[in-house]
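Below is one structure, written out as structure tokens; the observations come after it.
In the numbering used here, the protein residues as written are 22 to 112.
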């Protein structure tokens, strides 16, 4: 799931997943972090889910995927659309 919070010069996008599906650590990787795993690792929240917030330029579109343990790549069903094998988010 994605949450967006518009700010003056950017949009804060929060990437949210259930606490244990998939199990183990999960990173969101995309063109906004040069597709580097571990830069934006989802962390536990009080509501039992995992999340990470990334500040992205306003009025932009970004490709991303999630990377879980065991080299398991997957997309976000709530994303704006798809770009080939990647999810896309619009700010």
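Here a beta-carbon is modelled for each residue, glycine too, at the ideal position from N, C-alpha and C.
Candidates the options, of which the one nearest residue i by Cα
i: residue 91; options: 97, 25, 43; result: 43
i: residue 57; options: 34, 101, 94, 45; result: 94
i: residue 22; options: 49, 36, 47; result: 36
i: residue 68; options: 45, 96, 38; result: 38
i: residue 31; options: 100, 96, 81; result: 81
Buried or exposed by the 16-neighbour rule on C-beta atoms within 10 Å, applied to residue i
i: residue 102; result: exposed
i: residue 40; result: exposed
i: residue 71; result: buried
i: residue 99; result: exposed
Residue range of the unbroken beta strand (DSSP E) whose run includes residue i
i: residue 103; result: 102-104
i: residue 109; result: 107-111
i: residue 26; result: 23-27
Using 8 Å as the threshold, is the segment 72-85 in touch with the segment 99-112, meaning 3 or more CB pairs across them?
-> yes
Can you list the alpha helix (DSSP H) stretches of 4 or more residues lying completely in the segment 34-101, in chain order?
-> Correct list: empty.
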